Each structure stands twice: as C-alpha cells, then as structure tokens.
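Residue numbers (this note's numbering): 2 to 173. Cβ atoms here follow ideal geometry from the backbone N, Cα and C, with glycine treated the same way. These numbers were taken from a predicted model, which means no experiment stands behind them.
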Amino acid sequence: TIMTNTFEETFSNVFDTVVEDLSDEEKEKLSSDLMTQVREKSHFTVDATEESKKEVVVTYTIYGLDYADLVEQTLTSLFNELMKETTVTTIDTKRALLHSYEEALVGTKAVNKPVTIDVTFIKNKKQWEIAENQDDKLEKILLAFVSGFGEKEQYEEEMTEMLSRVMTQVAK
C-alpha cells in the first residue's frame, strides 16, 4: 500500500494545480476509477528463465495505461469548457474537472510500447520468494501498469511535456 499511496498522492497533484479544493473523497474516487481502468485496459506477459535450481528470473512485459494521454485529454477538455464561460467559480471548475476526467477515462487505452522489468525469485524451503533488494523493481511494475512508464524520470518528463502541449494548445 505504500507504493499505491505514494502514487495516489502524485496522481492527484496533477489536478491540484487546476482545482485546489479537491476533497479526499473526490481524490479517492479519481484514484479508484483510475485503478479500475488500469485493471481493465493494461495487460502483460510473463516469461521465466531458470538461472539455477534455486533462482529464477521472471520478466514482466507490461503494456500499462497511457496515463499522460488520459491527463492530456482531461485538461484539454476542461480548459476548452472553461474558455466558453465568462465567469467561472471554483465549484464550476471542480465539476468540469471531474466530468472531463470521467469522459477521458472511458476512452483511455494501454500504451503501444511495453515496459520490461526483470524480478529475481529465490527458492527458500520449497517456496519461491522475491529476492532481497528489489523494492525499486516492484515500484517500477506499479508505475508501468498505471502510467505506461518504467522509470519515474521518464514519467515526470512526459507529464511536463504534456502539460506544456496543453498550455500551448489553450493559449491559441
């Protein structure tokens, strides 16, 4: 849950810049709806390579949700809607954000380029366990499913570029 909670905080920050007063319940709903789409739209394959009788490397090839596209569609729709209004209240902005997000979520899809992550398992008393010191790989698996990226830096860079595209589009 630590990895999921951290992601949920990061995830909601994107929208905090647009709507400052999203409640915890609203953020939880956004996150819950997102995770439903992750389960429905993302997919993966698994390939295991036996390194020895006591060690196996499992390769996960993950086609995660295209989160950057989801946020871009949400913000573009939101800003287009807000540009039509002459007076916009915080409540209108929040309502428009939630509506735009729900609409974009329906059309979201998995990325075309997969993320590949290797995780080593060790046999311990007839039981397979994840080898030590692989927390970063588990975080990358979560990130890959939710965002379509295997590295946090790639994800942050894409989100920055996406926000720039949206702002440029809105400015026109």
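query, result
"Can you tell me where the alpha helix (DSSP H) holding ALA172 begins and where it ends?", "153-172"
"What did DSSP end up calling ALA69 once you bin it into helix, strand or coil?", "helix"
"Would you call the stretch 155-163 in contact with the stretch 69-89, where contact means no fewer than 3 C-beta pairs closer than 8 Å?", "yes"
"Helix, strand or coil: which one does DSSP assign to VAL15?", "helix"
"Return the Cβ separation of LYS42 and THR109 in integer angstroms, given the expectation that the two are a contact with Cβ distance under 8 Å.", "6 Å"
"Alpha carbon to alpha carbon, how far is ILE63 from THR94?", "35 Å"
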